[in-house]
Each structure stands twice: as structure tokens, then as C-alpha cells.
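Worksheet for the structure shown next.
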Amino acid sequence: MATNVNVMDRSFKGKAALQKFGGFLAGMVIPNIGAFIAWGLITAFFIPTGWLPNAYLGKLVSPMISYLLPILIGYTGGKLVHDTRGGVVGAIATAGIVVGADIPMFLGAMIMGPLGGWLIKKFDEMVDGKVPTGFEMLVNNFSAGILGALLALLAFSGIEPVVQGFSMALGNLAIAVTNAHLLPLIAIFIEPGKVLFLNNAINHGILAPLGIEQVKQAGKSIFFLLETDPGPGLGILLAYWVYGKGTVKQSAPGAIIIQFFGGIHEIYFPYILMKPLLLLAVIGGGMAADFTFVLTKAGLVATPSPGSIFAEMAMTPKGGFVPVLLGIAVGAAVSFLIGSVILKRDKTEGDAGSLDAANEMMSMMKAQSKGQNVSPRAAADPSAKSVSELPRLIVFACEAGMGSSAMGESILKKQLKDAGLNIQVKHTPVNQIPPEAEVVFTQESLAARAAQVARAAEIVPIKNFLDKTAYETFVNELRNRS
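220 is the number that the numbering used here gives to position 215 of the sequence shown; each next residue is one higher, with no gaps.
Structure (C-alpha cells):
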């Protein structure tokens with residue numbers, strides 16, 4: 006028994022570390038999605054095969070993808086490590102790697118940005134308290150300038166050729182896989198990865214750079230469709246709506262609106278976690294959709310974010326709507342058919358998932374590692390928690406800090422307002438929970454990472470950010486204590 010617990014503990018820690026790394030990669034890209042969309046719209050409209058071909062306005066396309074987007078990523082990566090100073094040095098270092106490169110240096114930016122931020126952070130720690138009074142600004146400015154210049158020179162002369170060679174090899178491999186019609190098999194890895202909350206890392210950290218390089222050559226890319234396709238998730242939710250039981254069946258229609266039209270794919274992950282066999286449904290749907298995309302030569306001009314049907318259509322090039330819509334529809338249909346068979350054969354109630362015991366054990370082990378003596382139920386159920394005083398800041402944390410956490414924040418804010426409680430509530434990525442947070446709501450699978458970031462906060466793991474009953478119990482407890 007002890008051996009099994011140790012194995013599970015190592016598994017949870019390993020998954021938390023993988024999610025943390027993937028979240029960091031995505032954290033460099035997600036804040037800059039607006040810039041990617043701007044570039045995608047300019048590309049879709051003004052390139053020679055666009056909606057409104059214009060050679061003059063089309064001059065914006067190449068500089069934006071070659072310089073603006075990588076430097077933004079490098080700045081963001083450095084800032085994640087060491088705030089604004091890290092961002093500035095990271096941007097300088099990234100400039101060194103993009104100059105002279107024949108391809109967009111997104112991979113290089115993801116290396117040089119955090120490296121620049123880390124090095125200037127270590128310098129600041131080394132000289133902390135040792136700079137004479139009055140020389141602080143001089144040391145700060147020149148240290149950033151000198152270190153940034155050295156990194157730019159190093160990146161330009163030494164790192165850029167290596168990264169460019171690796172990027173080109175990776176791109177050629179991806180194109181070869183596509184030409185060999187083997188791309189649909191990638192759904193075997195993408196769909197389970199999404200459910201483990203690695204969706205942003207897969208999309209923005211791996212597929213987006215490949216897609217952008219392909220857009221430069223072909224004007225569109227299938228790689229933008231592989232993770233963002235809302236079809237497989239839609240099929241799962243439709244299957245629950247038709248063949249589900251209990252409150253899960255009743256919640257499916259609302260989840261469909263949020264997932265398919267709002268683009269928040271995280272909403273369907275708990276539905277799969279309740280019945281892990283449904284992974285076969287999303288894998289099958291993903292493979293069918295990807296095969297259709299390959300067969301019809303579908304592609305988008307930029308990453309649709311969030312993965313809404315509206316965003317998919319906005320990023321579709323001229324003449325490409327039928328292939329994209331057909332692939333999404335096929336993916337949804339196949340996922341629905343497989344999911345329906347699984348749900349019809351399932352004899353359990355809709356409110357009791359087969360992962361509940363494992364999730365409670367994970368939460369209990371996490372609580373025990375922090376020195377808390379709790380029962381499995383108390384560790385996984387927010388209603389079992391007590392609050393001795395009103396917190397000043399409550400944070401909702403998800404992988405990207407944009408979709409599901411924002412929905413949870415909105416629900417709790419309304420309930421706190423109705424209860425007459427004036428407490429600040431905000432949402433953030435799980436890697437960037439502010440140190441002053443006193444209560445953190447997060448998905449059960451992200452609880453370990455949240456506890457690592459917010460060591461002094463009370464971590465409240467929940468299965469579904471749309472579960473109002475968890476918040477009602479929490480607010481009632483706060484009201485009793487106030």
C-alpha cells in the first residue's frame with residue numbers, strides 16, 4: 006500500500022512539473038495573442054491570396070512576424086522571470102536572435118527571453134545591498150544594457166544558427182508527416198494532453214510556431230486547427246446531453262454554449278475526467294477531424310484564441326470555410342458516436358465519476374504534505390473547509406488565467422455582492438498567483454502547482470468552475486464568520 010502511495014505521489018509531482026513547464030511556455034505567448042490575431046487579420050486580408058490583396062499594406066506581414074512577435078514573446082518570457090527589467094533584457098537578447106534569421110524565431114525567443122530575465126535577476130541578487138547610495142539608477146541601467154548587449158551578440162553569432170537549424174528540421178519533419186497523411190495520429194497525444202490541462206502549452210508552445218512558418222510558405226496552416234478544433238469536445242458534451250444522467254446531463258447544454266461558442270475548452274475536461282474511457286471518443290473525433298482537414302487541405306492563417314467557432318471562422322482564409330467547417334463537423338460526429346456508446350453502456354450515476362476517489366486521494370496527499378491532518382472528503386470538498394476570518398484577496402487560478410478561472414471569478418463575485426461581503430476577487434494563471442492571495446480556487450489537477458506558488462494561501466480544489474453550490478457553501482461560511 007505504501008509503495009502504491011509513493012508511486013501515485015511521484016506521478017502527481019511529475020505531472021505538476023510538466024504542467025508547470027508547459028504553463029510557462031504558454032505564458033510567454035498567451036499575453037500576446039492580440040498581436041498574433043492582428044498579424045493574422047492583416048495576413049488574411051492583404052497577402053496576394055487574401056480577401057483584399059494589397060501589395061502596399063501587405064508589407065506589414067513580414068516585419069511583424071519576423072521582429073514584432075518574437076520580440077514580444079522574448080519580452081514576456083523575461084518579464085515572467087524578473088518583471089520589467091527581465092523583460093527588457095529578454096527583448097534585447099531576442100533581438101539578437103531574430104536579426105538575420107530566415108524564419109520566425111519563436112523558439113529562439115522562448116530561449117533567449119527567459120535566459121535574459123534569469124541572468125539579470127541573478128545579477129540583481131548578487132549586488133543587492135552592495136550598491137552605494139545614489140548610484141542605484143546608474144548600476145541598474147548599465148547592468149541591463151551591458152548584459153543585454155552581450156546576450157544579443159551571443160545570440161546573433163552563436164545561438165541563432167543552431168536554433169534556426171533545429172527549427173527548420175522540425176518544420177521539415179512536420180511537413181513530411183503531413184504529406185505522408187500521418188498527421189491524424191497526432192490526436193493520440195493532443196487530446197489526452199488537453200484533458201491534463203496541457204492544452205495551452207501544446208497549442209501556443211509547439212503548434213503555433215510550426216503553423217506560422219507554414220503560413221509564410223503556403224498562406225495557411227493546418228497546425229492551427231489541430232488543438233483548437235472545438236469538434237471533439239462538442240461531441241462529448243452532446244453525448245452527455247442525450248445519454249447522460251442526473252445533473253451532469255442538465256449542465257451539458259450550458260457547457261456546449263461556453264465551449265463551442267465561447268471557446269473555453271476547459272469546460273468539457275471534467276466531463277471526461279469523470280469517465281476516462283471517453284478519451285477514446287475525443288481521440289477518435291480528433292483523428293477523424295484531422296484526417297478531414299488533411300484530405301480537404303484545410304488551414305487557418307493564425308491561431309484562433311480562444312478556440313471558438315467564431316475565432317475559427319475569423320482566421321479562415323478566403324475560400325477555406327467549407328474544409329474547416331467540414332472537419333469540425335466530422336470530429337464532433339465521431340466523438341458523439343463513440344461517446345454515446347460509452348455512456349449508454351455505463352451503469353453509474355451521472356454525479357459519481359470513476360476518478361473521484363483518485364482526485365480525493367491526491368488532494369489528501371497534498372494537504373498532508375503541508376502538515377494538515379484532513380480526511381479525503383475535507384481535502385477535496387470546499388464545503389468542508391472553514392474560514393476563521395474574512396480573506397482580503399480570493400484568486401481563481403487556471404492554466405492560462407483567461408477562460409475557466411474568469412468564469413469562476415464572475416460567479417463568486419456576484420454571490421459575494423449579494424451576501425454583502427466586500428472581498429477582492431481576481432483571476433490569474435496558476436504560475437502567477439499573487440503572494441498576497443489568501444484563498445485560491447483551482448482545478449483539482451492544478452492544486453499541487455497552486456500550492457507551490459501560493460504557499461501561504463488556502464487552496465480550494467474544485468472539479469468544475471461552474472459549480473455554484475461550492476461557492477454558495479463557501480460564501481455562507483464567510484457570512485457566518487463576518
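Just so it is clear, CB atoms sit at the ideal spot from N, CA and C, and this is done for glycine as well.
From a predicted model like this one, the values you see are computed outputs, not experimental measurements.
For the set 482, 121 and 423, the Cα lying nearest the Cα of residue 394 is the one of 482.
According to the DSSP assignment, residue 467 belongs to no alpha helix (DSSP H) but to the beta strand (DSSP E) extending over 463-467.
Listed as beta-bridge partners of residue 399 by DSSP are 430 and 444.
In the displayed model, residue 226 falls within a strand according to three-state DSSP. Taking every protein chain shown into account, the CB of residue 41 has 16 or more other CB atoms within 10 angstroms, so this residue is buried. Per DSSP, reduced to three states, the secondary structure at residue 187 is coil, with no helix or strand assignment.
Going by C-alpha positions, residue 465 is about 7 Å away from residue 444. Excluding the 5 residues flanking it on each side, residue 273 has same chain C-beta neighbours closer than 7 Å at 238, 241, 242, 260 and 264, in chain order. Residue 107 is classed as exposed because its beta carbon has fewer than 16 other beta carbons within 10 Å across all chains shown. The alpha-carbon separation between residue 50 and residue 147 amounts to approximately 43 Å. For the pair residue 332 and residue 299, the Cα-to-Cα distance works out to about 9 Å.
Judged by pairs of C-beta atoms under 8 Å, the region 72-86 does not touch the region 135-145, as fewer than three such pairs exist. Membership of residue 470 in any alpha helix (DSSP H) is not indicated, and neither H nor E is assigned to it by DSSP. Between residue 231 and residue 195, the C-beta spacing is below 7 Å. Counting along the chain, the unbroken alpha helix (DSSP H) around residue 198 starts and ends at 192-198. If you ignore the 5 residues before and after residue 119, its C-beta comes within less than 6 Å of the C-beta of 82 and 86, all in its own chain and listed in chain order. In the structure shown, the three-state DSSP call for residue 305 is strand. No residue range can be given for residue 324, since it is assigned to no alpha helix (DSSP H) and is classified by DSSP as neither H nor E. Here residue 125 is actually not in contact with residue 103; their C-beta atoms are around 19 Å apart, not less than 8 Å. Between the C-alpha atoms of residue 253 and residue 350 there is a straight-line separation of about 16 Å.
Taking 7 Å as the cut-off, the beta carbon of residue 345 is found no closer than this to the beta carbon of residue 476. Following the DSSP letters along the chain, one finds residue 436 in no alpha helix (DSSP H), marked with neither H nor E. Excluding residues up to 5 positions away in sequence, 308 lie with their Cβ nearer than 6 Å to the Cβ of residue 213 in the same chain. Of all C-beta pairs linking the region 450-467 to the region 421-440, three or more are shorter than 8 Å, placing the two stretches in contact.
Secondary structure at residue 54: coil, using DSSP grouped into helix, strand and coil. A straight line joining the alpha-carbon of residue 123 with that of residue 53 spans about 42 Å.
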